[in-house]
Each structure stands twice: as structure tokens, then as C-alpha cells.
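Residues in the sequence shown are numbered consecutively from 1, following full-length UniProt numbering. Every residue, glycine too, gets a C-beta built ideally from N, C-alpha and C. Note sheet for the following structure.
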Amino acid sequence: MSTSKESLQHKEYMDNGSPRPKRQGKFKRHCARWWWLHIIVFIAIFLIVLLPVVYVAYPRIAQDDINKSKIHTTNMMIQNPTPSQLDLTLKGFLETASAFHPWLRPFNASLYLVGHEQPFINISVPELLGKNGTQFTTSQVAQISNIGEFTAFCAFLLGLPTLDIVLYGHGDLKLGGLPTTTVTYNQTVSLAGLNALKGTEVTEFHLGGGSLPFNANSHGNATVPNPTGDTFDFGDVSLNMFVDDIAIGNATLPGLTMTPGNNSYPLYATANQTSIVKVLAQPKYRCGVFPVTMKGNASIFGGEVLPYFTTAFQASNTIVQLNLTDTLKEAGLSQLITGACESS
């Protein structure tokens, strides 16, 4: 009987008083034995989460921000042109709503007319900070990659009030400590055009004048408006002059460099006086005032014909109101003014 009681007390002691291995101890022993496995699992989970973000989501976000951004040009300068190349300067700024401000590494880009498959010129774009309002300037000697496409660009530039071009290229993008990713630029850029030089005025015109350049027999001054913020070296621009279908001569604007605003230039003309008398004989022009259609003939810079500007001027006509009243009086030919002009 006593033995049973002692056994029972011993059992109770074992149940209530003896220390037993705790879970914490088991966990420590597990970690001590399998720590390397836990690290491998942690790294694997970390990489499974991180790699898609870095190599899938990040490039997609970068490309999406590039697609949503816009490039605005504030100034373009075409200078020292030759038949195959020219000095090109582009100034502008970046518009973006992105919260990220990566560095856009320098890249080569091609410029296209919208809807065209061949570029008209290639340019180098400098490094930019991808932040709203970032300004940029690129200046280089640019090779004309396709003369036909560049000629079409010049025709649009000269003849239209506005035009769109496409800037296309690939470049690297770097954001903080993230790896460099490559993005594609496919940006539509809007440019202001010269609008066929509308608003051109002949402010002075004189017959004779001694020995004149370009074999001219008359001279004057012309005001040529440039509604853009751009500058263009067109060289010596020659024009054929018509009143209705009557050719009355040709004119040259020497060293025509179009800067923003109104440009005043000397004008030298070889006038066909017989044709002018024929025009003045018409009742609608007998007052000495008539519209002259100026049709482009050639653009020459540094002694070389520039085919792209030449074709552009030939495709764009400018109508100028010419008042010969004072010109004829000055030349002693006021008898050619026979009355008021009659409307046709």
C-alpha cells in the first residue's frame, strides 16, 4: 500500500515539478542545425519578389513614362547649309508628369515626317534629367540622310503654318541604384512653319540705280516675316515675278537669313519694262498698284545650289502687293498711270 502511494507521489512530481524540454529550445536547436536552409529560403523569396519588379515592372514603368512625356522645341537653327549637311541647333524642354526623375543617357535619334518610313536627318540627343521643365540644347553638324525626305520637310516647313515630325531612337535610362534599362523614344514633335512667307511686303522699289548686283536694273527693300522662333540660312534666294500670267522679271534676296520677327532685306530685280507697261495698260492696274506672285527659282549658299531649299521655294508662292506710283513718278514715267484702278 505504501509502495503504491510513493509511486503516485513520484508520478505527480514528474508531472508537476520536473523540467521538460521547451519549444523554444527545440526551435533554437532547429535553427542551429538548419540556419543555412532558412537563409536560402529567404533569399529565394526575396529574389522571387524583387526580380520581377526590377526586370519586368521597372522597365515597363520607365517606358510608360517616356511614352507619356512630350518634347517641346523653342528654337531651331539651320545654318551653313551645303547640299549634304548643315549646322543644326535645337533647343527645347521636356514635359512629364512622372514622379520619378531618372537620367536619360545620350542617344542617337532619327527625325521623320509623320507617316513616312525613311528619316530625313539624324541627330545626337544629350543627357537629360527626366524632370518636368528640363531644358536641353543640341548643336551639331548634321548629315542629311535622305535628300528626298529632307526636301519634303523643307517644303512643309516653308509652306505650312505648323507641321509635326517624329523623333525616334533608343537610349539608356538610369534611376538611382536601379539597373540601367533601355527605352524607346517615339515622340511626335510640333514645329511652327513659315506659312509661305505670307505678309511679305516690298517697302521700296526704284528703277535704275547704276551698277547693281545680280545684273539687276531695279532695286528696293522687302520685309519678310518669320512667325516662328527659328532661324534659317537660305542664302541668295531668287524669285520669278508674275502678274496674273505675265512674267514681269525676276528678283533676288541676297543672304536671306530668316530670324524671328520681321526681316528687312535689300531686293534686286531685273524688271521687264515692256511687260510692266503691258500690265499697267489693263484697267484694273492702271493706277500703278497690282499683286505680284513671287515664285521661287533657286536657293544658293556659298556658291552651291541647295536642292532642298530650291525645291521648297519653287513649291511655295508668295503674293506681294506692289505699288509703283512713286517709282514711276521718280523715273519720270508718271504718264503710265492713267487713272484709278478698276475692280475686275
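- Run the CB neighbour count on Pro119, radius 10 Å, all protein chains shown included, and call it buried at 16 or more, exposed below. Here residue 119 corresponds to residue number 119 of the sequence shown, with the count starting at 1. Around the beta-carbon of Pro119, 16 or more other beta-carbon atoms lie within 10 Å, marking it buried.
- Range covered by the beta strand (DSSP E) that runs through Pro225: Here residue 225 refers to the residue found at position 225 of the sequence shown. Ser218 to Asn226 is the extent of the beta strand (DSSP E) around Pro225.
- How would you call His101, buried or exposed, if buried means at least 16 neighbouring beta carbons within 10 angstroms? Working through the sequence shown from its first residue, we reach residue 101 at position 101. Under this definition His101 is an exposed residue.
- Message: Just to confirm, is the Cβ distance from Thr228 to Ala192 under 7 angstroms?
- Response: Translated into the one-based positions of the sequence shown, residue 228 becomes position 228. Translated into the one-based positions of the sequence shown, residue 192 becomes position 192. Contact flag set, yes.
- Query: Should Thr252 and Asp236 be called a contact, given that it needs their Cβ atoms to be closer than 7 angstroms?
  - Reply: Translated into positions along the sequence shown, residue 252 becomes position 252. Translated into positions along the sequence shown, residue 236 becomes position 236. One thing to note: Thr252 has its Cβ within 7 angstroms of the Cβ of Asp236.
- Item | Any non-hydrogen atom of the ligand FAD closer than 6 angstroms to Leu129 Cβ | The model on display carries no ligand, and the ligand FAD is accordingly not part of it.
- Item | Extent of the continuous beta strand (DSSP E) run through Asp236 | Walking along the sequence shown from the start, residue 236 turns up at place 236. Residues Thr231 to Val243.
- Classify Pro52 as buried or exposed, calling it buried when 16 or more other Cβ atoms lie within 10 Å of its own Cβ. Residue mapping note: residue 52 aligns to position 52 of the sequence shown, counting from 1. For Pro52, the pLDDT reaches just 49, beneath the cut-off of 50, and the residue's location in the model is therefore unreliable, leaving the point undetermined.
- Taking the runs of the beta strand (DSSP E) that are 3 residues or longer, which of them lie wholly in the region 151 to 202? Counting whole runs of 3 or more residues, the region 151 to 202 contains the beta strand (DSSP E) stretches 162 to 174 and 181 to 192.
- Buried or exposed (CB count within 10 angstroms, at least 16 for buried), Leu324: Here the question's residue 324 lines up with position 324 in the sequence shown. With 16 or more neighbouring CB atoms inside 10 Å of its own CB, Leu324 falls in the buried class.
- Count the other C-beta atoms from every protein chain shown that fall within 10 angstroms of the C-beta of Gly339, then say buried if there are 16 or more, exposed otherwise. The residue labelled residue 339 in the question sits at position 339 within the sequence shown. Answer is exposed; the Cβ neighbour count stays below 16.
- Task: For Asn195, collect the residues of the same chain with a Cβ closer than 8 angstroms to its Cβ; drop the 5 residues on either side in sequence, then sort them by chain order.
- Result: As a first step, residue 195 must be located in the sequence shown, where it is residue number 195. Cβ within range, chain order: Gly159, Leu160, Pro161 and Pro227.
- Query: Which value, in whole angstroms, describes the spacing of the CA atoms of Gly332 and Val166?
  - Reply: Counting from 1 along the sequence shown, the entry for residue 332 is found at position 332. Counting from 1 along the sequence shown, the entry for residue 166 is found at position 166. When rounded, the distance between both Cα atoms is 57 angstroms.
- Closest by CA to Glu304, which one among Met76, Gly177, Leu86 and Asn67? Looking up residue 304 in the sequence shown gives position 304. Considering only alpha carbons, the answer is Leu86.
- Assign Pro291 to one of three DSSP states: helix, strand, or coil. For the purposes of this step, residue 291 is identified with residue 291 of the sequence shown, where counting begins at 1. Pro291: strand per DSSP, three-state reduction.
- Task: Inspect the beta-carbon positions of Ala216 and Thr293 and report whether they are closer than 7 angstroms.
- Result: What you label residue 216 is simply residue 216 of the sequence shown in a count that begins at 1. What you label residue 293 is simply residue 293 of the sequence shown in a count that begins at 1. No, the Cβ-Cβ distance between Ala216 and Thr293 is not below 7 angstroms.
- Item | Span of the alpha helix (DSSP H), counted from its first residue to its last, around Leu328 | Your numbering for residue 328 matches position 328 in the sequence shown. Looking at the DSSP string, the run of the alpha helix (DSSP H) that includes Leu328 is Thr325 to Glu330.
- For Asp65, count neighbouring C-beta atoms within 10 Å of its own C-beta (all shown protein chains included) and say buried if the count is 16 or more, exposed if not. Numbered from 1 along the sequence shown, position 65 holds the residue referred to as residue 65. Looking at its Cβ environment, which holds 16 or more other Cβ atoms inside 10 Å, Asp65 is buried.
- Close beta carbons around Thr257, own chain, < 6 angstroms, minus the five adjacent residues each side: The residue you call residue 257 lines up with position 257 of the sequence shown. Correct list, in chain order: Asp233.
- Option in Glu342, Pro254 and Cys341 with minimal Cα separation from Ile300: Translated into positions along the sequence shown, residue 300 becomes position 300. Cα-wise, what sits closest to Ile300 is Pro254.
- From what residue to what residue does the alpha helix (DSSP H) around Leu333 run? Indexing the sequence shown from 1 puts residue 333 at position 333. Counting along the chain, Leu333 sits inside no alpha helix (DSSP H), nor does DSSP assign it H or E at all.
- By Cβ distance, which residues of its chain are closer than 6 angstroms to Asn317, with the 5 residues on each side in sequence left out? Taking the sequence shown and counting its residues from 1, one reaches residue 317 at position 317. Thr293 and Lys295.
- Task: Since I believe Met77 is in contact with Asp230 (beta carbons under 8 angstroms), could you give me their beta-carbon distance rounded to a whole number of angstroms?
- Result: Within the sequence shown, numbered from 1, the residue matching residue 230 stands at position 230. Within the sequence shown, numbered from 1, the residue matching residue 77 stands at position 77. Their Cβ separation, rounded to whole angstroms, is 7 angstroms, which keeps Asp230 and Met77 in contact under 8 angstroms.
- Item | Collapsed DSSP secondary structure at Ile337 in the structure displayed | Counting from 1 along the sequence shown, the entry for residue 337 is found at position 337. Reduced to three states, the DSSP call for Ile337 is coil.
- Message: From the DSSP secondary-structure annotation, give me the bridge partner or partners of Ala247.
- Response: Position 247 of the sequence shown, counted from the first residue, corresponds to residue 247. Its beta-bridge partners are Phe242.
- Item | DSSP three-state assignment for Ala281, whether helix, strand or coil | Taking the sequence shown and counting its residues from 1, the one referred to as residue 281 is at position 281. In this structure, DSSP gives Ala281 a state outside helix and strand, which the three-state scheme calls coil.
- Where does Gln79 sit, in a helix, a strand or coil, going by DSSP? As a position in the sequence shown, residue 79 is number 79, starting the count at 1. Strand at Gln79.
- Query: In whole angstroms, what is the alpha-carbon distance linking Ile319 and Thr200?
  - Reply: In the sequence shown, the residue the question calls residue 319 occupies position 319. In the sequence shown, the residue the question calls residue 200 occupies position 200. Between the alpha carbons of Ile319 and Thr200 lies a gap of roughly 8 angstroms.
- Rounded straight-line distance, which links the Cα of Ile147 to that of Lys198: Looking up residue 198 in the sequence shown gives position 198. Looking up residue 147 in the sequence shown gives position 147. Cα to Cα, the separation comes out at about 26 angstroms.
- Query: Residues in its own chain within less than 7 angstroms of Ser298 by CB, not counting five upstream and five downstream?
  - Reply: The sequence position of residue 298 within the sequence shown is 298, counting from 1. First, the amino acid is wrong: residue 298 is Ala here, not Ser. Ser238, Val305 and Thr310, listed in sequence order.
- Per DSSP, what kind of secondary structure is Thr257 in: helix, strand or coil? Your numbering for residue 257 matches position 257 in the sequence shown. Correct three-state label for Thr257: strand.
- Task: Could you give the DSSP three-state label for Asn146: helix, strand or coil?
- Result: Stepping through the sequence shown from its first residue, residue 146 is reached at position 146. Of the three classes helix, strand and coil, the one that applies to Asn146 here is coil, per DSSP.
- Message: On the criterion of 16 or more Cβ atoms from any shown chain inside 10 Å, does His72 qualify as buried, or is it exposed?
- Response: As a working mapping, residue 72 is identified with position 72 in the sequence shown. Residue burial is scored here from C-beta neighbours: His72 has fewer than 16 other C-beta atoms within 10 angstroms and is therefore classed as exposed.
- Inter-residue spacing [alpha-carbon to alpha-carbon] between Ser190 and Cys154: On the sequence shown, position 190 is the one that residue 190 refers to. On the sequence shown, position 154 is the one that residue 154 refers to. Cα-Cα distance, rounded: 14 angstroms.
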